[in-house]
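Below is one structure, written out as C-alpha cells; comments come after it.
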Amino acid sequence: SMPERDPLTGYILLTTSNKFTFLPPPGWNVSSSPEQKKVTLSSRDLSATISFKIHPAALFSADDVQWEVLRPRVRARYPEAKIIHEFECSGAGRQGLGFDLDSILDHHLRVSRRIEFVPLDGGVIEFDLTVTAKSFADYHFPFENFVGSFQVERVPAKK
Numbered sequence: 298s299m300p301e302r303d304p305l306t307g308y309i310l311l312t313t314s315n316k317f318t319f320l321p322p323p324g325w326n327v328s329s330s331p332e333q334k335k336v337t338l339s340s341r342d343l344s345a346t347i348s349f350k351i352h353p354a355a356l357f358s359a360d361d362v363q364w365e366v367l368r369p370r371v372r373a374r375y376p377e378a379k380i381i382h383e384f385e386c387s388g389a390g391r392q393g394l395g396f397d398l399d400s401i402l403d404h405h406l407r408v409s410r411r412i413e414f415v416p417l418d419g420g421v422i423e424f425d426l427t428v429t430a431k432s433f434a435d436y437h438f439p440f441e442n443f444v445g446s447f448q449v450e451r452v453p454a455k456k
C-alpha cells in the first residue's frame, strides 16, 4: 500500500493572455505583487525566496532570451554580483537560459542567486532563487522542482 502523503497545494495565476499553474515547495508561503507582475515564495525559516516575474513582450521579448542580450541585463541589474555560472535550463515546457550569481551584502553576508529566463508567447518568465551562499546547494532541488512544476496555457482572447 502507498504511505499517506500530505496533500499538495497548487496555485493558478490568470492573466489576460495566460493561465499559469505551479506547485510551491511544501510549507512555503506564497505572496503576490500584481503591480510588479511578480509572485514570491518564502521558505518557512525565511532563509530563501523563490520568485517569478512575467515580463510583457513590449519590455522583454522571447527573442531576447540569448546570452548576448541577457548577460548585460543581469550585470546591469546586479552590479555588485559576479556571474559564476551560465547554463541552459527549462521551465514551463520550454528551453531557457540561466545564471548563478554571487554577491556580498553589507560587507559580510554572501548571497547566491540563480536566475532563469524562459521565453513564452507574449514575453518572458524570470525565475529567481535567492539564498545565503552557504545554503545555495540545499535549495537547488526545491527550486528546480518548482520551475519544473510550472505550466503555461494560452487563454483565448475574449470576443
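Numbering (my numbering), first residue to last: 298 to 456.
Note that beta-carbon positions come from the ideal geometry of N, C-alpha and C, so glycine has one too.
TODO: Grab me the residues of residue 389's own chain with a C-beta within less than 7 Å of its C-beta, minus the 5 sequence neighbours each way, in chain order.
DONE: These residues qualify, in order along the chain: 415, 417, 422, 447, 448, 449.
Open item on the list: For residue 370 and residue 400, I'd like the C-alpha separation in whole angstroms.
Closed with: 16 Å
Task: Proximity below 8 Å, CB of residue 319 to CB of residue 443 - done: yes
- [ ] Determine the DSSP secondary structure at residue 400, reduced to helix, strand or coil.
- [x] strand
Task: residue 341 versus residue 327: straight-line alpha-carbon distance, rounded - done: 11 Å
- [ ] Tell me whether the beta-carbon of residue 345 lies closer than 8 Å to the beta-carbon of residue 427.
- [x] yes
- [ ] Please name the residue, chosen from 419, 440, 410, that lies closest to residue 429 on a Cα-to-Cα basis.
- [x] 410
Task: Beta-carbon spacing of residue 375, residue 406 below 8 Å - done: no
- [ ] Tell me whether residue 372 sits in a helix, a strand or coil according to DSSP, three-state version.
- [x] helix
Task: Cβ neighbour criterion (16 or more within 10 Å) applied to residue 438 - done: exposed
TODO: Compare the C-alpha of residue 363 against each of 325, 312, 386, 331 and name the closest.
DONE: 386
Task: One or two residues paired with residue 379 in a DSSP bridge - done: 399
Task: Cut-off 7 Å between Cβ atoms - residues of its own chain near residue 413, not counting five sequence neighbours on either side - done: 386, 388, 393, 395, 424, 444
Task: Classification of residue 330 by the beta-carbon crowding that lies within 10 angstroms, buried from 16 upward - done: With fewer than 16 Cβ atoms within 10 Å of its Cβ, residue 330 is classed as exposed.
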